[in-house]
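Residue numbers for the sequence shown, in mature numbering (1 follows the signal peptide of the UniProt record, and there is no 0): -39 to -1, 1 to 330. Even glycine gets a Cβ: it sits at the ideal position worked out from N, Cα and C. Worksheet: one structure, shown below.
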Amino acid sequence: MRAGGAGAARRSTRGAWRRGLLAVVAAGAVLSGSAAAWAQSDGDGGADVDAADEMMEGGSLGGGERPWAKGVSAEDQAEARKLFDRGNDLLRESLFVQAVEYYRGALDYWDHPGIHFNLSLALLNLNEPIAVYRSLNKAIEYGAEPLEGDEQKLERAKSYLELVSGQIGTIELSCTQQGARVTLDGKPVLACPGEHRELVLVGAHQVVASKGGYLDQTHDIVLASKQTERIDLMLYSVDDLTISKRRWATWIPWSVVGAGVAVAAVGGVLHNQSKGGFETYDQDFDAVCMNGGCRDEEVPDLKSELDGAERTQTIAVATYALGGAVLVGGLVMAYINQPQVFRRDNEAQITWTPTVAPGSAGISAKVRF
């Protein structure tokens, strides 16, 4: 029950601006029993949906030139009036989509506030608040004069505009990096460098900036009524947003490796010395004990030579082991000492996402603010 009520509440919120505007229109009984005004010809009565046979002419109103008619030829005015009249017929018949097409066609010939007013009424029924907002702003641009000089109609237009504007906010984007591209809610809106300003409905929106070799930058926005949100976009590479650290200075592990090599080299020298000692012992033994052999106590010098060679060999083996251990330890330190990447302290959140494609795999990253 509560879920259904919440859904109804959301629907009510989304349609509130439209129902409120319809109420104001009905109260004003402006055009076709509910709608807008068309500008008057010099000295003529106002033209509306029910009086669309009145022809509009350029020229002056109250002796002055009308700026909305400046530079518009009589032929263009006549063509605009034909399309406007047809749009009014369609509006009476509640064929709003077709009416919008004819009103916009009329605006191609004559950018008249009255056409914008009627266009806003057709758009209202199509639930397009942003388009309604733009049309109403154009409708009131020159005050009451193009709306038959009727201040009440102008005030009604302003009332409609106030209702619609409560459902709209503004997003302003700027970036300076050549080659970057920006999307708003998935729609491309800006090729950098440059700026972009867009009216959007209140609520959640997402801005994404991207450029080859840089991390995508994502901004999630929740826009309130009449709020303007400005975002200055700046893309960063991985190096810009991360720092690398090592456990020790780079030279320390390799110094240990070098020490291990040096100790092992000493072992090699000792090994060579022990080899020489054994060779000397063998030569002396052959010379002294060739005929029948001899006992150790008979040749103490030979025994001393053998003991010295064996002792040197033992030390060489121990030195080899020590040097090898130090060498391996240094290599392990060098492995552990590889740079570790850390995110710099800032408001950005980096999201790493594995990517898999036929024949390739990798990691993509996005920066979210």
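For the alpha helix (DSSP H) containing residue i, name the first residue and the last one.
i           : result
residue 165 : It is not in any alpha helix (DSSP H) - residue 165 instead sits in the beta strand (DSSP E) that spans 164 to 171.
residue 77  : 74 to 85
residue 43  : 35 to 53
residue 186 : That residue, residue 186, is in no alpha helix (DSSP H); it is neither H nor E in DSSP.
residue 265 : 261 to 297
residue 66  : 57 to 70
Please name the residue or residues paired with residue i in a DSSP beta bridge.
i           : result
residue 152 : 142
residue 158 : 133
residue 96  : DSSP lists no partner for residue 96.
Looking at the structure shown, is residue i part of a helix, part of a strand, or coil, going by DSSP?
i           : result
residue 104 : coil
residue 114 : helix
residue 109 : coil
residue -13 : Low confidence applies here, because residue -13 scores a pLDDT of 36, under 50, leaving its location unreliable and the question unanswered by this model.
residue 206 : strand
residue 23  : Confidence in residue 23 is poor, its pLDDT being 36 and thus under 50, which makes the residue's placement too unreliable to answer from.
The beta strand (DSSP E) spanning residue i covers which residue range?
i           : result
residue 131 : 129 to 136
residue 194 : 189 to 194
residue 216 : Per DSSP, residue 216 belongs to no beta strand (DSSP E); it is in the alpha helix (DSSP H), 212 to 250.
Of the choices the options, whose alpha-carbon is the least far from that of residue i?
i           : options               : result
residue 216 : 101, 292, 246 and 138 : 292
residue 145 : 204, 31 and 179       : 179
residue 59  : 299, 135 and 86       : 86
residue 240 : 261, 271, 214 and 212 : 271
residue 294 : 39, 218 and 168       : 218
residue 246 : 54, 128, 197 and 265  : 265
residue 49  : 27, 35, 81 and 28     : 81
residue 268 : 33, 170, 130 and 243  : 243
residue 29  : 235, 191, 72 and 251  : 72
residue 287 : 230, 235, 276 and 222 : 222
residue 169 : 74, 143 and 175       : 143
residue 174 : 279, 209 and 141      : 141
residue 160 : 181, 190, 176 and 138 : 190
residue 57  : 119, 139, 282 and 83  : 83
residue 147 : 165, 135, 283 and 79  : 165
residue 299 : 210, 121 and 231      : 210
residue 185 : 277, 63 and 129       : 129
residue 109 : 262, 284 and 27       : 27
residue 61  : 157, 88, 134 and 202  : 88
residue 285 : 301, 225 and 277      : 225
residue 197 : 63, 183 and 136       : 136
residue 35  : 66, 70 and 53         : 70
residue 192 : 134, 67 and 103       : 134
residue 94  : 162, 273 and 106      : 162
residue 66  : 90, 37 and 150        : 37
residue 274 : 263, 237 and 213      : 237
residue 151 : 194, 96, 103 and 263  : 194
residue 203 : 45, 301 and 63        : 301
Just mark residue i as buried or exposed, buried being the case when its beta carbon has 16 or more other beta carbons within 10 Å.
i           : result
residue 248 : exposed
residue 297 : exposed
residue 233 : exposed
residue -30 : Annotation note: pLDDT 35 at residue -30 (below 50); position unreliable, no value reported.
residue 74  : buried
residue 100 : buried
residue 114 : buried
residue 117 : buried
residue 188 : exposed
residue 42  : buried
residue 256 : exposed
residue 79  : buried
residue 76  : buried
residue 235 : buried
residue 230 : exposed
residue 261 : exposed
residue 289 : exposed
residue 132 : buried
residue 228 : buried
Hey, is residue i close to the ligand GTP, as in C-beta under 7 Å from one of its heavy atoms?
i          : result
residue 40 : This structure lacks the ligand GTP; in fact it carries no ligand of any kind.
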